[in-house]
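Trainee: By my numbering, the letter at position 86 of the sequence shown is numbered 102, and the numbering carries on one by one without gaps.
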Amino acid sequence: MDFEKPFQPAEYRRRIQDVKRRMEEAGFDLLICQDPANMCWLTGYDAWSFYTPQVVLLHLKSDTPIWIGRLVDVNGARATTDLPADNIINFSDDRLHHVELHPYDEVSEIIKSRGWGSDRIGVELDAHFYTARAHQHLVNGLPNAKFSDSRGLVNWARLVKSDAELVYMREA
17 MDFEKPFQPA EYRRRIQDVK RRMEEAGFDL LICQDPANMC WLTGYDAWSF YTPQVVLLHL
77 KSDTPIWIGR LVDVNGARAT TDLPADNIIN FSDDRLHHVE LHPYDEVSEI IKSRGWGSDR
137 IGVELDAHFY TARAHQHLVN GLPNAKFSDS RGLVNWARLV KSDAELVYMR EA
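1) Can you tell me whether DSSP reads residue 162 as helix, strand or coil?
2) So, residue 32 versus residue 81, is the Cβ gap smaller than 9 Å?
3) In chain order, which alpha helix (DSSP H) runs of at least 4 residues are fully inside the region 92 to 157?
4) Are the C-beta of residue 175 and some C-beta of chain B separated by less than 9 Å?
5) Taking DSSP as the reference, what is the three-state secondary structure of residue 72?
6) Check whether the region 28 to 46 and the region 118 to 137 touch, using three or more Cβ-Cβ pairs below 8 Å as the test.
7) Kindly indicate which three-state DSSP category residue 83 falls into: helix, strand or coil?
8) Can you give the beta carbon distance from residue 219 to residue 174, rounded, assuming they're within the 8 Å contact cut?
9) Where residue 124 and residue 152 are concerned, what is the direct C-alpha to C-alpha distance, given to the nearest angstrom?
The structure is reproduced here in structure tokens:
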């Protein structure tokens, strides 16, 4: 069964460029989205997986976001987004519900492996599924990064509707 994507790739590119402009204005090199609605808006990712750690990374110097989540959700990311295979990454399942380890340890390693470990990073501190423990592991894993609350950066971008979004809303 094919998944019919609600928007063309050009619409997601427009959104990404808008958010990058806002990131620059806010002083962020990297934005870590944990809010499922914002992850969907930026990439099209649409799955019933919000209750587990998952993120979308958007860097100013990268053309395409990176989705990181559970292995079981990788096929959902492939089906609902146009992200290249290299930008769909799963973390180790043994990190879930572990007393000491956490999926954000691996998110930190991925960020460092891309050379972004000392960047100015915006995180969605008010996202419902971004826990204090997740934030703690992210901060501990990236001691040279400068973290700030993104203060609804993507949410504010979502307020102004594009022509494609208006058509979609009218059809709904």
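Glycine included, C-beta positions come from ideal geometry on N, C-alpha and C.
Mentor: In brief:
1) strand
2) yes
3) 119 to 129 and 148 to 157
4) Of the chains in the structure shown, none is chain B; there is only one protein chain.
5) strand
6) yes
7) strand
8) Because the chain spans 17 through 188 in this model, residue 219 falls outside it and cannot be assessed.
9) 11 Å
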